[in-house]
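> Sharing a structure, written as structure tokens. Questions coming.
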Amino acid sequence: GATEWVNSLPEGPAKRDALRNISWRLAEGDPAAAAETALNMPAGQSRNEFLGRVASAWAQVDLDKAVAWVKDLPEGSGKQQALQNMSWAWIQNDPQGAAEYASTLAVRGDNHTFVQSVANSWAASDPKAAVEWAGKLPEGEARNNAMSGIASGWAQKSPQEAADFVATLPAGEAQNRAALSVVSSWSHAEPDAAGAGAAKFPEGNLRENAFRNLMSSWAEADPTGATQWMQALPAGKSRDAAVNGFVSRLS
Numbered sequence: 058g059a060t061e062w063v064n065s066l067p068e069g070p071a072k073r074d075a076l077r078n079i080s081w082r083l084a085e086g087d088p089a090a091a092a093e094t095a096l097n098m099p100a101g102q103s104r105n106e107f108l109g110r111v112a113s114a115w116a117q118v119d120l121d122k123a124v125a126w127v128k129d130l131p132e133g134s135g136k137q138q139a140l141q142n143m144s145w146a147w148i149q150n151d152p153q154g155a156a157e158y159a160s161t162l163a164v165r166g167d168n169h170t171f172v173q174s175v176a177n178s179w180a181a182s183d184p185k186a187a188v189e190w191a192g193k194l195p196e197g198e199a200r201n202n203a204m205s206g207i208a209s210g211w212a213q214k215s216p217q218e219a220a221d222f223v224a225t226l227p228a229g230e231a232q233n234r235a236a237l238s239v240v241s242s243w244s245h246a247e248p249d250a251a252g253a254g255a256a257k258f259p260e261g262n263l264r265e266n267a268f269r270n271l272m273s274s275w276a277e278a279d280p281t282g283a284t285q286w287m288q289a290l291p292a293g294k295s296r297d298a299a300v301n302g303f304v305s306r307l308s
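Add 57 to the 1-based position in the sequence shown for the numbering used here, that's all there is to it.
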């Protein structure tokens, strides 16, 4: 059939394009058959991408079956791709279920990218529920990623509230990542407001990292505005960090 012919093609852009077209058609018409086809492909990038497209298309028509299929996939990069491609549909339709599964991954130390995706999407619609969930995750990489995802998702809806949330986190890696997520998201739309929000962070590494990140983004989009804001800062380590961010982007 067509799939066998495509699989016989040499690796390269033509094969990837052909597989992309076939995977969407198969998944939309008969997702179960498409899933079986994907699993019978040789391991590699093409198979992983095929799995991801099948998961995404299947989730649009039958989320429960898509979720069950992805959960049963063997551990590895293919399953990670499928989870990532399906994450938006799962979170939008069943955030609690997606969060519960993400929690099991966090406990095992697996797939922090999915954990962050759940946190990001859930925070955009219900930040308080997302924060409560993330607070129950074990300390470490998964929780750090979740807090970063929450801050980024929350910032899309209310950047000032997201910044206030970051300020309540205990000092450490989770707070730093969350702060950078807020500043990064906020600075693209309202760099002045992002700067004012970052200035409310306590003096120290958190504010310095936020200023550095802000200026790196702002200097590229509006170097004149960034310069004016930076020059108005009082002397100190935070201003030095802002200067470093500005210079690094323009150098």
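Glycine included, C-beta positions come from ideal geometry on N, C-alpha and C.
Quick caveat, the model's predicted, so the values are computed rather than measured.
Identify every run of the alpha helix (DSSP H) within the segment 188-246, keeping only runs that are complete inside it and at least 4 residues long; order them along the chain.
Listed in chain order, the complete alpha helix (DSSP H) runs (minimum 4 residues) inside the segment 188-246 are 198-214, 216-225, 230-246.
> When the Cα of Asp121 is compared with those of Gly154, Pro291, Ala208, which residue comes out closest?
Measuring from the Cα of Asp121, the nearest candidate turns out to be Gly154.
> Going along the chain, which residues of its own chain have a beta-carbon closer than 8 angstroms to the beta-carbon of Leu271, five neighbours each way excluded?
Val240, Ser244, Pro248, Ala251, Gly252, Ala255, Ala299, Gly302
> Comparing C-alpha positions only, which one of Ala100, Arg110, Leu96 sits nearest to Ala84?
Arg110
> Distance, Cα to Cα, Ser174 vs Ala246?
22 angstroms
> Which stretch, first to last residue, makes up the alpha helix (DSSP H) that contains Asn262?
The continuous alpha helix (DSSP H) containing Asn262 extends over residues 262-278.
> Return the CA-CA distance between Phe258 and Phe268, expressed in angstroms with no decimal places.
10 angstroms
> Round the Cβ separation of Leu194 and Ser160 to the nearest angstrom and send it over; I've been treating them as touching at under 8 angstroms.
6 angstroms
> Could you pull out every residue in the same chain whose Cβ sits closer than 6 angstroms to the Cβ of Ala180, ignoring the five residues on either side in sequence?
Ala187, Ile207, Gly210, Trp211
> Please classify Thr94 as buried or exposed, where buried requires at least 16 other C-beta atoms within 10 Å of its C-beta.
buried
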